[in-house]
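Protein chains in written order, with the working numbering: chain A, 30 to 223; chain B, 3 to 662. Glycine residues also receive a C-beta, built at the ideal position from the N, C-alpha and C atoms. Nothing here was measured: the structure is a model prediction, and the numbers come from that model.
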Amino acid sequence: MSPETSPAPAATQPTNGMGRRLLFLLPVAAFAALVGVFALGLGHDPTALKSAMIDKPAPAFTLPPILEDRPGLARADLGGKPVLVNFFASWCAPCRVEHPTLTGLAASGVPVYGVAYKDKPQDARRFLGDLGNPYQRIGLDLDGRTAIDFGVYGVPETFILDRDGRIRYRYAGALTDSVLKTEILPRLEALSAQ
Amino acid sequence: MIAELGHFALILALLIAIVQAILPMAGAQLGRRPLMDVAPMAALLQFGAVAIAFGALVHAYVTSDFSLKNVVENSHSLKPLIYKVTGVWGNHEGSMLLWALILTLYGAAVAAFGRNLPPALKARVLSVHGMIGVGFLAFILFTSNPFLRVLPVPPDGQGLNPILQDPGLAFHPPFLYLGYVGFSMAFSFAVAALIEGRVDAAWARWVRPWTLLAWCALTLGICLGSWWAYYELGWGGWWAWDPVENASFMPWLSGTALLHSAIVVEKRDTLKGWTLFLAIVTFSLSLLGTFLVRSGVLSSVHAFAVDPARGAFILALLVIAIGGSLTLFAVRAPALRATGSFAPISRESALVLNNLLLATAALTVFLGTLYPLFLDVIGGDKVSVGSPYYNATFVPLMVPLIVTMAAGPLLTWKRADLAGVLARLRLAFGATVAVAIAMVALTKGHEAVAPFGMALAAWLLVGTLAEFAERIRLFRAPWSVVMNRLVHVPRAAIGMTVAHAGLAVTIAGITIASGWQQEAIQTVKPGGSIALAGDTYRFERVDPVPGPNYSAEEATVTISHDGQVFATVHPSRKTYPLQRMTTTDVAIHTDGLSDKYVVLGDPQPDGGWIFRLYYNPLVPWVWFGAVIMVVGGGLSLSDRRLRIGAPVRRVRRAEAELVA
Numbered sequence: 030m031s032p033e034t035s036p037a038p039a040a041t042q043p044t045n046g047m048g049r050r051l052l053f054l055l056p057v058a059a060f061a062a063l064v065g066v067f068a069l070g071l072g073h074d075p076t077a078l079k080s081a082m083i084d085k086p087a088p089a090f091t092l093p094p095i096l097e098d099r100p101g102l103a104r105a106d107l108g109g110k111p112v113l114v115n116f117f118a119s120w121c122a123p124c125r126v127e128h129p130t131l132t133g134l135a136a137s138g139v140p141v142y143g144v145a146y147k148d149k150p151q152d153a154r155r156f157l158g159d160l161g162n163p164y165q166r167i168g169l170d171l172d173g174r175t176a177i178d179f180g181v182y183g184v185p186e187t188f189i190l191d192r193d194g195r196i197r198y199r200y201a202g203a204l205t206d207s208v209l210k211t212e213i214l215p216r217l218e219a220l221s222a223q
Numbered sequence: 003m004i005a006e007l008g009h010f011a012l013i014l015a016l017l018i019a020i021v022q023a024i025l026p027m028a029g030a031q032l033g034r035r036p037l038m039d040v041a042p043m044a045a046l047l048q049f050g051a052v053a054i055a056f057g058a059l060v061h062a063y064v065t066s067d068f069s070l071k072n073v074v075e076n077s078h079s080l081k082p083l084i085y086k087v088t089g090v091w092g093n094h095e096g097s098m099l100l101w102a103l104i105l106t107l108y109g110a111a112v113a114a115f116g117r118n119l120p121p122a123l124k125a126r127v128l129s130v131h132g133m134i135g136v137g138f139l140a141f142i143l144f145t146s147n148p149f150l151r152v153l154p155v156p157p158d159g160q161g162l163n164p165i166l167q168d169p170g171l172a173f174h175p176p177f178l179y180l181g182y183v184g185f186s187m188a189f190s191f192a193v194a195a196l197i198e199g200r201v202d203a204a205w206a207r208w209v210r211p212w213t214l215l216a217w218c219a220l221t222l223g224i225c226l227g228s229w230w231a232y233y234e235l236g237w238g239g240w241w242a243w244d245p246v247e248n249a250s251f252m253p254w255l256s257g258t259a260l261l262h263s264a265i266v267v268e269k270r271d272t273l274k275g276w277t278l279f280l281a282i283v284t285f286s287l288s289l290l291g292t293f294l295v296r297s298g299v300l301s302s303v304h305a306f307a308v309d310p311a312r313g314a315f316i317l318a319l320l321v322i323a324i325g326g327s328l329t330l331f332a333v334r335a336p337a338l339r340a341t342g343s344f345a346p347i348s349r350e351s352a353l354v355l356n357n358l359l360l361a362t363a364a365l366t367v368f369l370g371t372l373y374p375l376f377l378d379v380i381g382g383d384k385v386s387v388g389s390p391y392y393n394a395t396f397v398p399l400m401v402p403l404i405v406t407m408a409a410g411p412l413l414t415w416k417r418a419d420l421a422g423v424l425a426r427l428r429l430a431f432g433a434t435v436a437v438a439i440a441m442v443a444l445t446k447g448h449e450a451v452a453p454f455g456m457a458l459a460a461w462l463l464v465g466t467l468a469e470f471a472e473r474i475r476l477f478r479a480p481w482s483v484v485m486n487r488l489v490h491v492p493r494a495a496i497g498m499t500v501a502h503a504g505l506a507v508t509i510a511g512i513t514i515a516s517g518w519q520q521e522a523i524q525t526v527k528p529g530g531s532i533a534l535a536g537d538t539y540r541f542e543r544v545d546p547v548p549g550p551n552y553s554a555e556e557a558t559v560t561i562s563h564d565g566q567v568f569a570t571v572h573p574s575r576k577t578y579p580l581q582r583m584t585t586t587d588v589a590i591h592t593d594g595l596s597d598k599y600v601v602l603g604d605p606q607p608d609g610g611w612i613f614r615l616y617y618n619p620l621v622p623w624v625w626f627g628a629v630i631m632v633v634g635g636g637l638s639l640s641d642r643r644l645r646i647g648a649p650v651r652r653v654r655r656a657e658a659e660l661v662a
């Protein structure tokens, strides 16, 4: 990357001086841009963003199962009761982080449905085998089409749907116990009471 | 009382660091020797003060002094003594203090061993080092002070995160930091050289041992971290491209490039600007790693102390350190002139290629790690880039790197004879083809990755050993000559051979472990058994085991082959009542070639237990290889030429003859 890597004479010609200086300024400029991103990143609240899908009915989809003992997931399975739909992937580190929280939630009787996003079935199976399976139904979204329809930015992402199958809430990022307490559970209770 | 002493020592260290940053630099600029001579004294005193502070914190942990907030939050009176000590750096505040301790240790080492450095360069190096010290000590005192008291004093502490109560993790941070922070030395040397406006072979000779030392420590640190993740997290894998893993891997990649480009500066007086740039970038990546892990901008399995205020402070440090040094680089580096020129086929070119590939690899990891953050900022969200990205981008960069690695050392400086080199690699070609054919036969053509990876490993190993054989004229000269050459081969050359061979071992481990892992997840009742990879795992029983600060259930599993029991292992689950947390203790039976990996899962209502079994072939080689690399680095470090003492001309001439 340094001009010195080329044989010396060309690099030392005075006509190249300006270009050479600019080249050395490049790292500074790149770093300045990076600092801008970091500064924004620090002040950014990931939950502040609204989904365009809020209060709209869930899009139509039919996804095949990945586990023998659990059915797949389709639009027709939603509705009747409030449920959580969680987009996850075996290759996603935050998904591993939120997994215990999700498992705890499922154990308390809340129906949790899963969508394995752009995952190989065997990888998703291994992920669930390793960590346990909190999902009542799991659909495999191999090409990510359903995720696009839901407006998913990336995994993990969790949606709360009401008994009419409408999307009422979306949480982007790993669910933690405090998020569960402050965001998820109150909404689920409110929806159940309706 | 002792805590106050520590607190005071820490404040004193900051004041000394300020003096160390200002006076020697002024002295060097003005040409005043007495001001320059402040530097070594200040560096030693600064280390002493931080050591006292660190000792005071260790004392507080060992004596369970719960009047300190930090001890309350991270320790417990029932914790085993070893984890009381390692708990000191098992949390944000303490680990920053460890960071400062190691930083000042390096400064003190330069002060003590850098006697033959020109006084002005030494003053500038230590001054820049002092500035880094100011930044970190201020960070600790103002945002992460471990000496804050708490009132009322609670009767007991909250304990240490159970998964951190493990020997692997207890000793992984110190090595990681020795590496991370060690690159601050190369950084200080680079900035000092830029201020001075001079880079020459002597400069490279001083920088290289420090970089090599840091590289060895970082390699070991990463290796320990990966090993810990393997046996403690119980997921059967050893690398997850997690942001925290990447944070230490990026400076490793650029540090490896730096190590090689510094050789070119030393031997051929060229690549100066690039080498300075790498020195700045490598330490910058260390700082960046700190920022990523502690600011909360990225989510990770083991990111800790998530706090935006700390993030803002570290960001300010980054702007000053990285922004400042890169600006200085932009202003001063264009004036550096190279004297050496070289042909496209030469040792220099091979090293340039090595540098470009390593730098690109570092950039690739950088983009993968930060992509979620970029997305976050433009309005997306916290997402994760997983192994599919890294497999697609990282592997293709490593292939040409490894191909060049075998050939590079055979090339001569300045201009090499490619035909001759290729002829000398005949043996490596032969081995590569043979291994590839054998692997294809073994996998019956089902696997494409395994034959490829193993062939690559064979190429590197045989090519590296062939180069060494060539160097000592093995089979080409009479034994007396061979022995004589063997005795006189520079340690650095032996070190390179060993380190490159170590990488070949690691590649073999990675290839086979990721291609041939087998697993079984099953529920079995006591007395039942599971078959996996030709072995039978019989679940004998589960026993309750009381622990000091946990309760555990321990299973007994016998592993047999053809009815012959060859191992009994005890995987267990520990429940820590204090944290309401359950951890699994994996049982691993290893024979050095493969691991039998047994995880005890949850009990089932029907009286059965979930077992997860993995057969991990050749996985130990991943770490063996890394340790061999560190040994190679150590051998190279012990080379007389790299000793901080004055180089002896006679020895160098003798070596020059050997290398040529």
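With 8 Å as the threshold, decide whether the Cβ of L204 of chain A is near any Cβ in chain B.
no
So, L226 of chain B versus V367 of chain B, is the Cβ gap smaller than 8 Å?
Not a contact, by the Cβ cut-off of 8 Å.
Report the partner residues of N115 of chain A according to the DSSP bridge assignment.
Under DSSP, N115 of chain A shares a beta bridge with A:G143, A:T187.
Thinking just about the alpha-carbon of each residue, which of B:E234, B:S348, B:V209 is nearest to the one in A281 of chain B?
B:V209
Cα-Cα separation between F541 of chain B and N486 of chain B, rounded to whole angstroms:
59 Å
With DSSP as the reference, identify every bridge partner of D545 of chain B, one or two as the case may be.
In DSSP, D545 of chain B forms a bridge with B:E556.
Return the chain-ordered list of same chain residues with a C-beta closer than 8 Å to the C-beta of I84 of chain B, the five sequence neighbours on each side being excluded.
Correct list, in chain order: P169, A172.
Among B:S146, B:T445, B:V437, B:V464, the one whose alpha carbon lies nearest that of A457 of chain B
B:V437
Completely contained alpha helix (DSSP H) runs for the stretch 88-141 of chain B, where each covers 4 or more residues
94-115
Quick check on D545 of chain B: buried or exposed, where buried means 16 or more other Cβ atoms within 10 Å of its Cβ?
exposed
Could you name the residues of the same chain whose beta carbon sits closer than 6 Å to that of I4 of chain B, not counting the 5 residues immediately before and after it, in chain order?
Once the five neighbours on either side are set aside, the close Cβ partners of I4 of chain B are A58, H61.
Looking only at C-alpha atoms, which of B:R428, B:A337, B:A314, B:A125 sits nearest to G199 of chain B?
It is B:A337.
Using a C-beta cutoff of 8 Å, does S250 of chain B count as contacting chain A?
Contact of S250 of chain B with chain A is not assigned, every C-beta pair being separated by 8 Å or more.
Nearest-angstrom Cα distance between G627 of chain B and V139 of chain A?
48 Å
Restricting to Cα atoms, I'd like to know which of B:G159, B:W518, B:L37 is closest to K71 of chain B.
B:G159
On the DSSP bridge list, what partners appear for A717 of chain B?
The structure shown has nothing for residue 717 of chain B, since chain B only spans 3 to 662.
Using only alpha-carbon positions, find the residue among A:A59, A:L52, A:E97, A:F67 that is nearest to A314 of chain B.
A:F67
Opposite Q520 of chain B in the DSSP bridges: which residues?
B:Y617
Considering Cα atoms alone, identify which of B:T592, B:Y373, B:F344 is closest to L273 of chain B.
B:F344
Which partner residues of I561 of chain B appear in the DSSP bridge assignment?
Paired residues: B:Y539, B:A569.
Taking 8 Å as the threshold (beta carbon to beta carbon), is A281 of chain B in contact with chain A?
In terms of beta-carbon proximity, A281 of chain B stays away from the interface with chain A, with every pair separated by 8 Å or more.
Can we say the stretch 152-163 of chain A touches the stretch 171-180 of chain A, given the rule of at least three CB pairs closer than 8 Å?
no
For T329 of chain B, decide whether its Cβ has a neighbour in chain A, counting only Cβ atoms nearer than 8 Å.
yes
As a quick exercise: from B:L488, B:W461, B:A459, pick the residue whose alpha carbon is nearest that of E472 of chain B.
B:L488
For the stretch 588-620 of chain B, which residues have a CB atom closer than 9 Å to at least one CB atom of chain A, in sequence order?
The residues in question are V601, G603, D604, I612, R614.
Could you tell me how far apart the beta carbons of L99 of chain B and P148 of chain B are, in whole angstroms, since I believe they sit closer than 8 Å?
6 Å
Report the residue from B:E556, B:A501, B:F454, B:G135 whose alpha carbon sits nearest the alpha carbon of H262 of chain B.
B:A501
I523 of chain B versus chain A: which residues are under 7 Å apart at the beta carbon?
G158
Interface residues of chain A around S688 of chain B at Cβ under 7 Å?
Chain B is shown only over 3 to 662; residue 688 of chain B falls outside these bounds and no answer can be derived.
Per DSSP, which one or two residues make a beta bridge with R575 of chain B?
B:E555, B:T586
Would you say the stretch 171-189 of chain B touches the stretch 214-230 of chain B, given that touching needs at least three Cβ pairs under 8 Å?
yes
Residues in the same chain with beta-carbon distance under 6 Å from E79 of chain B, minus the five sequence neighbours each way, listed in chain order, please.
Sequence inspection shows Ser at residue 79 of chain B; the Glu mentioned does not correspond to that position. Contacts found: S66, D158.
Run through DSSP, which three-state label would Y164 of chain A get?
coil
Can you find a CB in chain B that lies within less than 8 Å of the CB of P238 of chain A?
The question about residue 238 of chain A has no answer, for chain A in this structure spans 30 to 223.
Note down, in chain order, every chain A residue with its Cβ under 8 Å from the Cβ of L317 of chain B.
V64, F67, A68, L71
Tell me whether P42 of chain B sits in a helix, a strand or coil according to DSSP, three-state version.
helix
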